[in-house]
Amino acid sequence: MEPTPEQSPHHAYPDHWEADVVLRDGGTARIRPITTDDAERLVSFYEQVSDESKYYRFFAPYPRLSDRDVHRFTHHDYVDRVGLAVTIGGEFIGTVRFDRINEQGRPASAPADEAEVAFLVQDAHQGRGVASALLEHIAAVARERSIRRFAAEVLPANNKMIKVFRDAGYTQQRSFEDGSVHLTLDLEPTEKSLAVQRGREQRAEARSVQRLLAPGSVAVIGTGRTPGGVGRTVLRNLLAAGFTGRTYAVNRAFDEGLATLDGVPAHRSLGEIDEQVDLAVIAVPAHRVPEAVADCGEHGVQGLVVLSAGYAERGSAGRELQRELVRQARSYGMRIIGPNAFGIINTAESVRLNASLAPESPARGRIGLFTQSGAIGIALLSGLHRRGAGLSSFISAGNRADVSGNDFLQYSFEDQDTDVALLYLESLGNPRKFTRLARRTAAVKPVVVVKGARHSGTNPPGHAVPVSRIPDATVSALMRQAGVIRVDTVTEMVDAGLLLAGQPLPAGPRVAILGNSESLGLLTYDACLAEGLRPRPPRDLTTAASPQDFRDALAEALADGTCDAVIVTAIPWVGESGEAETGDGEVLAAALRGAAAGGPAKPVAVVHVEIGGLAEALAAASSTAAPRTRPTTLAAQPAAAQPAAAPGAPTGAAPTKPGTQATTGAAGNEAPPATEATAETEAADPPARPGRIPAYPAAERAVRAMAEAVKYAQWRRQAATPGKVPEFLDETTDEPGAAALIDTLLGTAPDPRGRPLTHDEARELLGRYGIAVRPTLPAPDPEAAVAAAARLGYPVALKTTAPHLRHRADLGGVRLDLADEDALRRAYGEFTELLGKPAELLPVVQSMAPRGVDTVVRASIDAAAGAVLSFGLAGAPSELLGDTAHRLVPATDRDAAELIRSIKAAPVLFGWRGSAPVDTPALEELLLRLSRLVDDHPEVVSVALEPVVVAPQGLTVLGATVRLAPPPPRGDLGPRRLPNY
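For the sequence shown, the working numbering assigns the number 1 to the initial residue and increments by one for each residue that follows.
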């Protein structure tokens, strides 16, 4: 919306304040600034608010707004007077405004930093978290306008509004004055306010996916009149799966006399259906989708699955159609899966939903699956079906214009029917949020990811999301840090998922191998060594081994305290006749299941060659895992089985009571906030007893899946006692001084592209955080070099700082251990003779550092992923091999220790081939200090310390480059909002 001429030209309409949000019941709404065009909307909104809510807002009976009120509430300067509205279908359902005040409580302008705030929410929408979402956004606006505190007057009877303020997590003060409660909120985000905000985001986004996966009724829009076609196929699949809710066929081309189709009611439009439809599956051509979406929105549909193609995968015109589709659906409070989607599946017994193009609904299981590709989704469903694995839920998001992998993680975290989350992703719209959600989810259940389009440098067609500049290897390292099991292929994803869903986590890397083939056992042994496991020598049961021999050997291995996991290898055994028997695999499967059930809880995997029926028989075993006990806000039952919603609220929403209040006007009854840590500690562990035993046709696949389980289990154990981010509260750290220096260096009007610091500027800034950089002195001629060496003291190094030769000792750009003036003059002459003139080489002199290992420490900020800390050894080999490790900032003490140990060349730091171990604690401290610097000051967008010479005692930073720039926006710290692409 554009500002009118009545508004101050220097206070333009702040369109960046517009945001789509997910409310507590899973529906969406739009938050935007109020303009002078909203007078009629405001009057209509106020007429629908109860007298009690009006009384709470104005502290007196106030049946209608006067013309003066309407003018005041719709005319803002967006600096000292700001109003925001929450809209659904273009109409207001809630408002908030603030007015800047001085110490006496009178209207004021900057530099006054306090504002009076007031809310009002329609009674029909109370209980949906409207007031809480408004508070988050109006607080962010206030901080942008240099307002530090909110003041609010609340009647004592308005307990729900008081609770909204109290539960927000901000530092606050309360007093009772003149018959009302006076509240003052400090708007600086706190650890608690951020936890509350993310907790509400998690519950809302999880609920929005749950509404899609567990509807009480489904309408297929575009159902063909004859068999075949996309819409008719989805209808057939819904019926074949035994969907427990109500199903409708909708097509505007139906004959007026057609009452049923395939046994379900047939209608020409949603308006003909007497009851509300929760989910609509749209299977019409793209040009007819807007009409279908409008029909859904006007009749209260909660969510859409858009199978129609012809959007962003077709180019720029299609991309704009896709954006308009999202805008239209969100304006009605609906979320979208798709467009160009394959569909969704929920196997819960109380739902049995197959709203997809998959002809056969998968068996019920404990694996949740999300894919951005329909073709990959088909392959995964087929592969899981062949392996006898079942699913709890399935989402194929297509172009993922709205519902994304992040939403699926939010849902999987709470879903009691899901033990393992599998995701095939081709793009990460918000990597920073993904790693945060993945870390939290991985703390309670495994998350396995395949990332497609890793090397293309662009997003797949249809995925209009920000492109991260960080390389794929860095993305992989950051996923590992978050506990994500990243694999390279969908086959590996299925292999790992089957093991993690049916078997307990291993306590360590020690693996027992047993079987009736010595060769197969040796292959398994070699594969274990290659994957970093610690295998015991294979136990050969000989080809004469019977199923009972397998059972006894497995039971013995499980009881052995020196092994953490068992891999069984099996080939057809030799019968009494001396001929190989492919045998009945069910007999061997029963023997292995019996041993696993009776022994200690350790993971078991089977490698088999041509044993008929073995894999199927092993997969048929029912899981003996105890049911999840963590309380959750999600329910498996369809929306129709849940408590009825209040009039005006979408079906499936939390019940609301008429007259409940929401603000200094009226507020919904917000659920008590739960921090992420609380939710994690309530989560049950993975299955403690083995269930289905996974079978693999190759030793390498079984071992790789087991290795992933070992690494994940180790991460889980470490995550239970997380590392700490050190404060460095000593005289070596001067955070205020660094901030002041950065402000000075950037200036009052900084270049958005940023600026590199000089050597001396970088030394000064890094020194504020206890990072000492060895000084260098310029040497534009031999006499200056000799003078510099005399000042620094011999021995010295002569180095070029020319960009094409810097850090390139192999090209002769560095001369070391120059012990006296003669050696220095000789080296200077060789420099200029071989490499160029001094003006081109920009030589410098630096005192020698103690001998050690040359390393490189870097930190950089990626707009999508955030600040990343990197470490590796200096030199061309490490660069060529990509031997660099990465961690997200802020790094903990454990992250720093893992960082230096996770590169392939790490043994060089710890006494490789008899060399002296270097001072790794000093290196870890350097990493942590640099992490703290870039975390405290987002203006520091890149730092490179090269080389850092780590000696047996201490280290020396010989070179440093620093770049400053205006800090990039931190969407993860702002109010919750859905992405706009």
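Beta carbons: idealized from backbone N, C-alpha and C, even for Gly.
- Message: Which residues does DSSP list as the beta-bridge partners of G83?
- Response: R97
- Message: For the ligand GDP, is there any heavy atom lying closer than 7 Å to the beta carbon of Y55?
- Response: Questions concerning the ligand GDP fall outside what the structure shown contains, since it holds no ligand whatsoever.
- Task: Would you kindly work out how many angstroms separate the C-alpha atoms of A232 and R225, rounded to a whole number?
- Result: Before going on, a small fix: residue 232 reads as Arg here, not Ala. Going from the Cα of R232 to the Cα of R225 covers about 8 Å.
- Task: Could you check which residue in G483, R97, L741 has the C-alpha nearest to that of Q714?
- Result: G483
- Message: Given a cut-off of 8 Å on the beta-carbon distance, is the pair T247 and V264 in contact?
- Response: yes
- Query: Identify the residues that DSSP records as bridge partners of N346: which are they?
  - Reply: L353, S393
- Beta-carbon separation of S412 and G368 under 8 Å? yes
- Message: Output needed for N399: all residues of its chain with C-beta closer than 7 Å, excluding positions within five of it in sequence on either side, in chain order.
- Response: Y311, A312, E313, Q322, G338, P339, N340, G462, H463
- Message: I'd like to know whether the C-beta of A867 is nearer than 8 Å to at least one C-beta of chain C.
- Response: The question asks about chain C, but that chain is absent: this structure has only one protein chain.
- Message: With H, G and I counted as helix, E and B as strand and the rest as coil, what does DSSP make of I742?
- Response: helix
- Anticipated Cβ contact below 8 Å, I31 with H137, distance rounded: 5 Å
- Item | Residue interval of the alpha helix (DSSP H) (run including Y78) | Note, Y78: premise wrong, no alpha helix (DSSP H); not H, not E.
- Item | Whole-angstrom distance between A329 and P979, CA atom to CA atom | 14 Å
- Exposure label - E414; buried when at least 16 CB within 10 Å: buried
- Task: Assign K445 to buried or exposed, taking buried as 16 or more other Cβ atoms, counted over all protein chains shown, within 10 Å of its Cβ.
- Result: buried
- Message: I need the DSSP call for Q122, collapsed to helix, strand or coil.
- Response: coil
- Which ranges does the beta strand (DSSP E) cover as unbroken runs of at least 3 residues, wholly within the region 820-895, from first to last along the chain? 843-847, 853-862, 866-873, 884-888
- Could you name the residues of the same chain whose beta carbon sits closer than 6 Å to that of F254, not counting the 5 residues immediately before and after it, in chain order? A266, R268
- Query: Quick one: is P1050 buried, meaning 16 or more other Cβ sit within 10 Å of its Cβ, or exposed?
  - Reply: The structure shown does not extend to residue 1050, since the chain spans only 1 to 981, so no value can be given for it.
- Candidates V934, L899, D854: which alpha carbon is nearest A951's? D854
- Query: What did DSSP end up calling D167 once you bin it into helix, strand or coil?
  - Reply: helix
- Task: Note down the Cα distance separating A590 from V568, rounded to an integer number of angstroms.
- Result: 14 Å
- Would you check if there are 3 or more beta carbon pairs closer than 8 Å linking the region 92-106 to the region 164-179? no
- Query: Quick one: is A544 buried, meaning 16 or more other Cβ sit within 10 Å of its Cβ, or exposed?
  - Reply: exposed
- Message: Please return the same chain residues whose Cβ sits closer than 6 Å to the Cβ of A507, not counting the five positions on each side in sequence.
- Response: D564
- Quick one, are the C-beta atoms of E153 and H182 less than 8 Å apart? yes
- Query: Can you find at least 3 beta carbon pairs, one from the region 703-721 and one from the region 916-933, that sit closer than 8 Å?
  - Reply: no
- Item | DSSP-derived helix/strand/coil call for I513 | strand
- Query: Does DSSP put V277 in a helix, a strand or coil?
  - Reply: coil
- Query: Under the three-state reduction of DSSP, which class applies to A641: helix, strand or coil?
  - Reply: In this prediction, A641 scores a pLDDT of 41, lower than 50, which makes its location untrustworthy; the coordinate-derived value is nonetheless stated afterwards. Of the three classes helix, strand and coil, the one that applies to A641 here is helix, per DSSP.
- Message: According to DSSP, K160 sits in a beta bridge with which residue or residues?
- Response: Answer by DSSP bridge pairing: none, since K160 is not bridged.
- State the start and end residues of the unbroken beta strand (DSSP E) segment that holds F150. 149-154
- Message: With H, G and I counted as helix, E and B as strand and the rest as coil, what does DSSP make of Y712?
- Response: helix
- Message: Buried or exposed for H287, going by 16 or more other Cβ atoms inside 10 Å?
- Response: exposed
- Message: Give me, in chain order, the residues of the same chain whose beta-carbon lies closer than 6 Å to that of Q7; leave out the 5 immediate sequence neighbours on both sides.
- Response: Annotation note: pLDDT 44 at Q7 (below 50); position unreliable, no value reported.
- Task: Starting from A115, follow its DSSP beta bridges and name the residues at the other end.
- Result: R100, F150
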